[in-house]
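In full-length UniProt numbering, the protein residues as written are 1 to 185.
Just so you know, even glycine gets a beta-carbon here, dropped at the ideal spot from N, CA and C.
Just so we're clear, the structure is a prediction, and the values are computed from it rather than from any experiment.
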């Protein structure tokens, strides 16, 4: 019996880094490639971001400390089959970590290299939250980043590979790093 490729509405990708970098790249060969230029990324109900497909549209959402949601939805449907999906976050300003504000930027969604959605994101989360959350690709079994989906929100197809690239200019806050180290003792 031939296995049918799952609908694109079953796809989810989420990512978390513990270092602040101008760019994070996450890629998975089936339908998934994300370029993420963020200061900090994490997942969970208290903050983070998610890159996913729902109702055949590509989405990216940033949950700013459970206070505000910044959401981008593609204006086009994701076609069935193998496609390159990408999210880019272009930094447009400097973070104000002392005031709890991470790097602002422009969120952009692409399908096969074509821009299909974008929005300005005035602030990102400047620190890692959610010790029980973490990197997830293909499912979101824990607390959701957004009320737009419910756990476990599983992708039922095959993801061939995922690549995370944290190259780019590092944004460091030595005092915040020291507080985090001391808090773990």
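Enclosing alpha helix (DSSP H) for residue i [first to last residue]
i           : result
residue 181 : 174-184
Cβ neighbours of residue i in the same chain (closer than 7 angstroms, five flanking residues each side left out)
i           : result
residue 111 : 58, 74, 76, 78, 83, 85
residue 116 : 58, 74, 75, 76, 109, 110
residue 176 : 97, 127
Same chain, Cβ closer than 6 angstroms to residue i, five either side skipped, listed in chain order
i           : result
residue 105 : 89, 90, 91, 92, 121
residue 70  : 62, 121
Cα-Cα separation between residue i and residue j, rounded to whole angstroms
i           : j           : result
residue 148 : residue 96  : 29 angstroms
residue 47  : residue 182 : 22 angstroms
residue 94  : residue 102 : 8 angstroms
residue 49  : residue 137 : 12 angstroms
residue 114 : residue 87  : 11 angstroms
residue 179 : residue 68  : 25 angstroms
residue 153 : residue 81  : 20 angstroms
residue 150 : residue 66  : 16 angstroms
residue 100 : residue 185 : 23 angstroms
residue 123 : residue 172 : 17 angstroms
residue 64  : residue 51  : 15 angstroms
N- and C-terminal bounds of the beta strand (DSSP E) containing residue i
i           : result
residue 70  : 68-77
residue 108 : 105-111
residue 89  : 85-91
residue 54  : 48-54
residue 119 : 114-121
residue 64  : 57-64
Residue-level contact to chain D via CB, residue i, 9 angstroms cutoff
i           : result
residue 112 : Within the model displayed, chain D is absent; a lone protein chain is all it includes.
Own chain, CB closer than 8 angstroms to residue i, minus 5 neighbours either side, in chain order
i           : result
residue 118 : 72, 106, 107, 108, 109
residue 174 : none
For the stretch 113-127 against the stretch 139-146, are there 3 or more C-beta pairs whose distance is under 8 angstroms?
Short answer: they don't touch.
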